[in-house]
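Colleague:
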Ligand code: GLY
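Residue numbers (the numbering used here): -6 to 524.
1. Please classify residue 198: does DSSP put it in a helix, a strand, or coil?
2. Between the Cα of residue 41 and those of 52, 60 and 345, spot the shortest distance and give me the residue it belongs to.
3. May I ask you to report which of helix, strand or coil DSSP gives residue 286?
4. In angstroms, rounded to a whole number, what distance separates the CA positions of residue 428 and residue 503?
5. Give a single yes or no on whether residue 426 has its beta carbon closer than 8 angstroms to a heavy atom of the ligand GLY.
6. In whole angstroms, give me the CA-to-CA distance for residue 142 and residue 299.
7. Kindly list the residues whose CB is nearer than 8 angstroms to the CB of residue 523, restricted to its own chain and excluding five residues on each side of it in sequence; keep chain order.
8. In the stretch 455 to 502, which residue ranges form an unbroken beta strand (DSSP E) of at least 3 residues, counting only runs that do not cross its ends?
9. Identify, in the order they occur along the chain, each residue of the same chain with its Cβ nearer than 6 angstroms to the Cβ of residue 277, setting aside the five sequence neighbours on each side.
10. For a quick check, are the C-beta atoms of residue 438 and residue 498 less than 9 angstroms apart?
11. Nearest CA to the CA of residue 526: which residue from 177, 124 and 186?
12. Assuming residue 37 contacts residue 28 under a Cβ cut-off of 8 angstroms, what Cβ separation, rounded to an integer in Å, is found between them?
13. Quick one, which of 483, 421, 369 and 440 has its alpha-carbon nearest residue -2's?
14. How do the stretch 337 to 352 and the stretch 275 to 293 stand: do at least 3 beta-carbon pairs fall below 8 angstroms, yes or no?
15. Just checking residue 551 against the ligand GLY - is the residue's beta carbon closer than 8 angstroms to any of the ligand's heavy atoms?
16. Starting from residue 256 and walking both ways along the alpha helix (DSSP H), at which residues does that stretch end?
17. Can you determine whether any heavy atom of the ligand GLY sits closer than 8 angstroms to the C-beta of residue 432, and answer yes or no?
18. Which two residues bound the contiguous alpha helix (DSSP H) that contains residue 4?
19. What is the DSSP secondary structure of residue 508, reduced to helix, strand or coil?
20. Taking Cβ positions, are residue 171 and residue 151 nearer each other than 9 angstroms?
21. Do the stretch 373 to 391 and the stretch 18 to 27 meet, that is, are 3 or more Cβ pairs less than 8 angstroms apart?
22. Please report how far the alpha carbon of residue 1 lies from the alpha carbon of residue 31, in whole angstroms.
23. Looking at C-beta atoms only, is the number of pairs between the stretch 210 to 227 and the stretch 240 to 248 that lie closer than 8 angstroms three or more?
24. Which of helix, strand or coil does DSSP assign to residue 58?
25. So within the stretch 49 to 119, which uninterrupted beta strand (DSSP E) runs reach at least 3 residues, ignoring any that extend past its ends?
26. Flag residue 358 as yes when its Cβ comes closer than 8 angstroms to any non-hydrogen atom of the ligand GLY, and as no otherwise.
27. Can you determine whether any heavy atom of the ligand GLY sits closer than 8 angstroms to the C-beta of residue 406, and answer yes or no?
28. Is it the case that the CB of residue 333 approaches a heavy atom of the ligand GLY more closely than 8 angstroms?
29. So what's residue 404 in DSSP terms, helix, strand or just coil?
30. For residue 335, name the three-state secondary structure that DSSP assigns.
31. Out of 92, 85 and 355, which one is the CA nearest neighbour of residue 56?
32. Using beta carbons (cut-off 9 angstroms, strictly below), is residue 239 in contact with chain D?
33. Should residue 501 and residue 446 be called a contact, given that it needs their Cβ atoms to be closer than 9 angstroms?
34. Got a sec: does the ligand GLY put a non-hydrogen atom nearer than 8 angstroms to the Cβ of residue 351?
35. Closest to residue 185 by C-alpha separation, out of 169, 211, 201 and 384, would be which residue?
36. Quick one: grab the DSSP three-state call for residue 328.
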């Protein structure tokens, strides 16, 4: 079974499984297909994380997060007074981090794949070369980009041969992307990081004010890292360690919630929302204080943050009648793009992949070379842009995530696998910037604590609190007005949103040996496809 943000990509992954590929093979092929069919987040110009668990319950992860270029500096987005030039870390060629996706998919395949690499890249070439019917969503993007002040590359991105935006239902061909993918198919990782593609990337950067060089590209390596793990009432949780903050925060929050007796706290009640908001507030404060790239932050207290003792101490100062106050003199948060994409895979032998990757914002920087046909990320925006300066709004300046050459920026992507009796049970993840951590956390609770089937666990009401700004975000048509009022009376600052998360999950039912997949209804083109 494959669940992803695009039905064609899920079909590609399932075809790989049917033809003898394992979960890694299917994830690699699905990811390349998403780079063609879901270009707002699927990519070869971005980065991400993959959690892999074999059928014996052994977990590992692949980190292919983007890196700061060698020429990057901690003050590269500041003016002469040391103030952040607002938006500069998300716009223009300097916002582009050294891409990691191709290296990550290649490493995963080299270590754990079964089928030849070429077989996995070929379907994406087919889709790019022969075209795909443009979905309603992408046709909407095509129309709006064409009429807006986007970078020229994005304005032309969906154009047909006549230079007009491709319409809904028309076939959309990407010849340049197909050619780039052919070089990756034939030369593996080197097809992207060396040779013609790399030199065109470097030339593009030079011509457009970027700082990524051939050296940055040739030095880029994906890294296999030990999964971060924890337990919750007999289940084991395996997730992404730093440079993701997701795994640490999810385990910390589950440990805190384990202290409460959730059997007595009904789902979606005032007490439930209050407890979760307080738990989130604490985990996000710890995230801001401690987490960053592990290769630059050698003494992060990961064991402590994920220990039961620490959670008990954090839990014990929750006031069950009043909201705590987030202390803006200590930590804050910056804006983080919410347009990432997640895929979940399980093969016939029970090997599982949970993978999330991103361009940061929707369509990343919106920049790309017309010779290469793919979009570059704007992931430099995930670093703390103004060292030492934190406010109660969007800015955070804590040390672990300050820009340094070759550092990976802190992420919230949280691809996660939960096991039951040592076997994959729940494979889950989501886009959504910082909300990812909380929507994955709540979906795990919905399945384990509230016995919801996966498709329901994904859809029901979610909340988000991230310490600062001190706001409790909730899905406005899924929480009763009475609960909203009660929470306000407790001191919470409520902010309604139409939707949180776009979860892609698989539940493995041991009783009937059936895999049940679900793609969030907020993903217009997504699909769970099994055989
Ligand atoms: N760019 C979103 C994330 O990495 O969490």
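All C-beta atoms in this analysis are idealised placements derived from N, C-alpha and C, irrespective of residue type, glycine included.
Just so we're clear, the structure is a prediction, and the values are computed from it rather than from any experiment.
Modeller: The answer reads as follows:
1. Residue state for residue 198 is assigned as helix, using DSSP reduced to three classes.
2. Nearest option by C-alpha distance: 60.
3. In the structure shown, residue 286 sits in coil (DSSP, three-state: anything other than H, G, I, E or B).
4. Distance between the alpha carbons of residue 428 and residue 503: 30 angstroms.
5. At least one heavy atom of the ligand GLY is nearer than 8 angstroms to the Cβ of residue 426, so yes.
6. Each residue's CA atom was taken as its position, placing residue 142 and residue 299 some 45 angstroms apart.
7. Excluding residues within five positions, the ones whose Cβ falls inside 8 angstroms are -6, -5, 7, 508 and 510.
8. List check, beta strand (DSSP E) in window: 465 to 468, 487 to 490 and 497 to 502.
9. Counting only Cβ-Cβ distances below 6 angstroms, and skipping sequence neighbours, we find 459 and 460.
10. No; because the gap between Cβ atoms is not below 9 angstroms, this pair is not in contact.
11. Nothing can be reported for residue 526: it is not among the residues displayed for the chain, which extend from -6 to 524.
12. Yes, residue 37 and residue 28 are in contact; Cβ-Cβ is about 5 angstroms, under 8 angstroms.
13. With respect to the C-alpha of residue -2, the residue from 483, 421, 369 and 440 having the closest C-alpha is 421.
14. No: fewer than three Cβ pairs fall under 8 angstroms.
15. The chain is shown from -6 up to 524; residue 551 falls before or after that span and cannot be answered.
16. Bounds of any alpha helix (DSSP H) do not take in residue 256, whose DSSP letter is neither H nor E.
17. Flag unset: Cβ of residue 432 not near the ligand GLY.
18. Residue 4 -> alpha helix (DSSP H) spans 0 to 11.
19. DSSP places residue 508 in strand when its eight states are reduced to three.
20. Not closer than 9 angstroms, so no.
21. Not touching, per the Cβ criterion.
22. The straight-line gap from Cα to Cα measures roughly 10 angstroms.
23. Counting Cβ pairs under 8 angstroms, three or more are found: they touch.
24. Reduced to three states, the DSSP call for residue 58 is coil.
25. Segments of the beta strand (DSSP E) lying fully in the stretch 49 to 119: 52 to 57.
26. Taking 8 angstroms as the cut-off, the C-beta of residue 358 does not count as close to any heavy atom of the ligand GLY.
27. The answer is yes for residue 406.
28. Yes, the Cβ of residue 333 comes within 8 angstroms of a heavy atom of the ligand GLY.
29. Annotated three-state conformation of residue 404 is strand, per DSSP.
30. Three-state result, residue 335: strand.
31. Of the candidates 92, 85 and 355, the one whose C-alpha sits nearest the C-alpha of residue 56 is 92.
32. This model lacks chain D altogether, as it is built from one protein chain only.
33. No; because the gap between Cβ atoms is not below 9 angstroms, this pair is not in contact.
34. Yes.
35. Of the candidates 169, 211, 201 and 384, 211 places its Cα closest to the Cα of residue 185.
36. Unreliable placement is indicated for residue 328, whose pLDDT of 45 sits below 50; the coordinate value is still reported in the next sentence. In the structure shown, residue 328 sits in coil (DSSP, three-state: anything other than H, G, I, E or B).
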